[in-house]
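Undergrad: Offset between the sequence shown (1-based) and the numbering used here: plus 253. In this text, a Cβ means the ideal position worked out from N, Cα and C, and glycines have one as well.
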Amino acid sequence: MFNSQLPTDGSNAPKSTSIGVDVFDQRTERHGNERIRLLLKSFGLRTSLIRLKVIDALLTAAESNRSLGVRGVHAHLLELDIPLSFLSVREVLKRLCSEGVIVLNEDKSYSLDPRAAAILQHH
C-alpha cells in the first residue's frame with residue numbers, strides 16, 4: 254500500500270513531520286472546528302479531517318470574498334501541508350453537495366448552502 258509520508262527516492266524520511274503537530278493535535282484548532290463538527294452532525298454526517306478542512310477552506314475563502322473550485326480547495330489544503338489527493342477532495346466536495354451542506358455554483362465554485370450557513374451562524 255502506498256504511504257505518501259514515506260520517501261520514494263531512497264532518501265531518509267524527515268526527522269519531524271508537521272502532520273502530527275500541525276494538523277492532528279492542535280487543541281485550539283479542534284475547538285475552532287467545533288461549529289463545523291456540529292454542522293456535519295446536523296446533516297447526519299460523520300466528522301472527518303478532510304470534511305473539516307474542506308469546509309474550513311470554503312469558509313476562509315468566503316470571508317475573503319473569494320470562491321474556490323475543486324482545484325482551489327485542493328491547492329489550499331496543500332498549502333496547509335495536508336497531503337490529500339485531488340480525487341479525494343473532489344469526492345468530498347461531491348458528497349457534501351449531495352448531502353446539502355454545500356452547493357456547486359454556476360462558475361464551478363463551491364459555497365455553503367444557505368441552510369448550512371444559518372446553522373453555523375447560530376453556533
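Are the beta-carbon atoms belonging to Leu340 and Cys350 less than 9 Å from one another?
TA: No, the Cβ-Cβ distance between Leu340 and Cys350 is not below 9 Å.
Undergrad: Straight-line CA distance for Pro367 to Glu332?
TA: Pro367 and Glu332 have their C-alpha atoms some 28 Å from each other.
Undergrad: Alpha carbon to alpha carbon, how far is His375 from Asp334?
TA: 30 Å
Undergrad: Distance, Cα to Cα, Ala369 vs Arg343?
TA: Here the alpha carbon of Ala369 sits roughly 19 Å from the alpha carbon of Arg343.
Undergrad: Mind reading off the beta-carbon distance from Phe296 to Glu352? Whole number of angstroms is fine, and I expect it under 8 Å.
TA: 5 Å
Undergrad: By the DSSP assignment, the alpha helix (DSSP H) with Val354 in it spans what residues?
TA: Counting along the chain, Val354 falls outside any alpha helix (DSSP H), and DSSP gives it neither H nor E.
Undergrad: Where DSSP assigns a beta bridge to Ser301, which residues make up the other side?
TA: In the DSSP output, where bridge partners are listed per residue, Ser301 has none listed.
Undergrad: What did DSSP end up calling Arg283 once you bin it into helix, strand or coil?
TA: Model confidence at Arg283 stands at a pLDDT of 43, short of 50, so the residue's coordinates are unreliable; what they give is reported in the following sentence. DSSP places Arg283 in helix when its eight states are reduced to three.
Undergrad: In the structure shown, what three-state DSSP assignment does Val276 receive?
TA: Note that Val276 scores 36 on pLDDT, short of 50, meaning its location in the model is unreliable; the coordinates nonetheless yield the value given after this. If DSSP states are grouped into helix, strand and coil, Val276 belongs with the helices.
Undergrad: What's the C-alpha gap between Arg324 and Arg290?
TA: 24 Å
Undergrad: Candidates Leu321, Pro336 and Leu373: which alpha carbon is nearest Lys361's?
TA: Leu321
Undergrad: Given this structure, state the Cα-to-Cα distance separating Glu316 from Thr300, to the nearest angstrom.
TA: 23 Å
Undergrad: So Leu330 and Leu337 are in contact, right, with Cβ under 8 Å, and what is the actual spacing, rounded?
TA: 5 Å
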